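S.K.: All the letters of the sequence shown, read from the start, carry residue numbers 6 to 369 under my numbering. Glycine included, C-beta positions come from ideal geometry on N, C-alpha and C. These figures come from a predicted structure and were not determined experimentally.
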Amino acid sequence: MNIYANNDFRLRFKDLWRLIGNSPLLVINFIYKGQKRTIYAKSEHFNITGSIKDRMALYIIEKAYHEGRIKPEDTIVEATSGNTGISFSAIGRALGHKVRIIMPDWMSKERVDIINSFGAEIIPISKEQGGFLGSIKLSEEIASREANIFLPQQFSNEANAQAHERTTGPEIWSQLTYHGITPDAFVAGVGTGGTVMGVGRFLRQMNPEIKIHPLEPAESPTMSTGHKVGSHRIQGISDEFVPALVKLEQLDRIIAVPDGDSIIMAQKLARQLGLAVGISSGANFLGALQVQNSMGPEAKVVTVFADCNKKYLSTDLMREEPVRSDYESPEVELINFKVYKRVCDNCCDMFECEIKPYTRTKQV
Ligand code: PMP
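Right under this line is the structure:
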């Protein structure tokens with residue numbers, strides 16, 4: 006019998022969903038070149054391990070249980086640049102799974118230490134051993150030679166994007182429309198592409214006119230060129246190849262943001278507003294600003310702050326970054342923020358619910 010049919014077991018997912026998703030939407034007010042502006046950002050460090058990746062990790066595991074493709078004795082094996090490893094380590098442990106994470110050896114020390122703290126095994130992969138692509142290949146080799154292995158395969162698993170289509174997208178829509186606001190554009194840095202594809206798909210259903218923009222580092226334009234070029238410092242995005250989940254033909258223009266500008270913007274969000282975000286959040290803010298510049302100052306542009314700054318204490322985020330004349334961050338003066346929080350009350354199970362999630366939310 007599928008263990009997911011057991012009510013007590015299913016309730017464990019329901020409890021985990023109470024710690025994942027339903028993040029606050031920040032309404033960030035700022036001055037840009039003397040003009041008053043607003044950008045909306047989902048604050049994703051509120052999730053159980055502090056990043057947006059908790060959503061897809063829990064969704065992928067729950068879906069696999071629902072479909073009977075994972076067993077309690079399975080070891081979860083995943084190739085990841087960090088946040089995903091942290092998510093699967095925590096959620097895997099919460100559900101009693103062993104976890105093995107295959108990770109490039111140049112990721113921040115904080116990421117490695119956190120994964121270790123969950124008792125997960127880490128297999129470091131060097132550039133010579135193939136980097137990200139080598140990590141994915143190794144995970145598949147492990148699954149073919151060992152029994153009881155579950156591969157989430159975040160780069161190609163549609164359930165990754167579905168997690169955002171079922172949770173992040175509806176939350177954004179509900180939080181904004183409750184306040185009478187219709188989003189005009191959504192921008193997100195692409196790691197696996199799960200966020201931009203899933204949120205994009207949902208918001209397009211609700212507003213077919215909306216623009217959905219993927220974002221990449223200016224120094225390493227993998228999506229624009231189709232292959233790995235250069236290197237960059239925005240951990241979590243642009244991992245050397247265009248992931249299978251990313252369908253560029255379904256998306257609007259690719260936005261490029263320099264990594265140094267992203268670092269300064271992330272620092273500014275902490276220093277001026279007390280919003281301690283990671284480097285990709287700085288990039289996403291600047292990407293949203295670029296889109297707003299092209300659509301008009303009143304455009305309602307939404308993005309995500311994928312994680313907080315604590316995993317970057319040993320990186321350039323903690324150092325003074327030289328300003329370049331082409332940077333936008335010096336033109337941004339942050340004023341204040343408001344918070345929209347509308348929550349799903351988790352009245353039902355993720356895979357048993359017939360009601361569209363955005364209709365079962367309430368205001369707090
Ligand atoms: N920012 C950070 C810090 C991340 O860890 C990730 C995930 N790798 C992303 C952005 C991109 O998210 P996605 O994988 O959904 O494209």
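#1: Is the distance from the Cβ of A84 to the Cβ of I147 below 8 Å?
#2: Am I right that K233 and Y45 are in contact with their C-beta atoms under 8 Å? What's the rounded C-beta distance?
#3: Say yes only if the C-beta of K233 is nearer than 7 Å to one or more non-hydrogen atoms of ligand 1, and no if none qualify.
#4: Could you tell me which of Y332, A249, S144, M228 sits nearest to R258, measuring between CA atoms?
#5: Buried or exposed: where does Q2 fall if 16 or more other Cβ atoms within 10 Å of its Cβ makes it buried?
#6: What residues match up with Q40 in a beta bridge as DSSP calls it?
#7: When the distance is taken between beta carbons, is T43 closer than 8 Å to A62?
#8: With respect to 7 Å, is the separation between the Cβ of N88 and the closest non-hydrogen atom of ligand 1 below this value?
#9: From what residue to what residue does the alpha helix (DSSP H) around I268 run?
#10: Thinking C-beta only, is F356 closer than 8 Å to E67?
#11: Let me know the secondary structure DSSP gives I25 once reduced to three states.
#12: Under DSSP, the alpha helix (DSSP H) around T200 begins and ends at which residues?
#13: Given the structure, does V201 come close to ligand 1, in the sense that its CB is under 7 Å from one of the ligand's heavy atoms?
#14: Can you list, in chain order, the residues of its chain with a C-beta nearer than 7 Å to that of V369? Leave out the 5 residues immediately preceding and following it.
#15: Quick check on I127: does DSSP put it in helix, strand or coil?
#16: Can you tell me where the beta strand (DSSP E) holding F191 begins and where it ends?
M.R.: On the basis of the coordinates in this document:
#1: no
#2: Their Cβ separation, rounded to whole angstroms, is 32 Å, which puts K233 and Y45 out of contact at 8 Å.
#3: no
#4: M228
#5: Absent from the structure is residue 2, since the part of the chain shown begins at 6 and ends at 369.
#6: Y37
#7: no
#8: yes
#9: 264-278
#10: yes
#11: coil
#12: 199-211
#13: yes
#14: For V369, the pLDDT reaches just 47, beneath the cut-off of 50, and the residue's location in the model is therefore unreliable, leaving the point undetermined.
#15: strand
#16: 190-194
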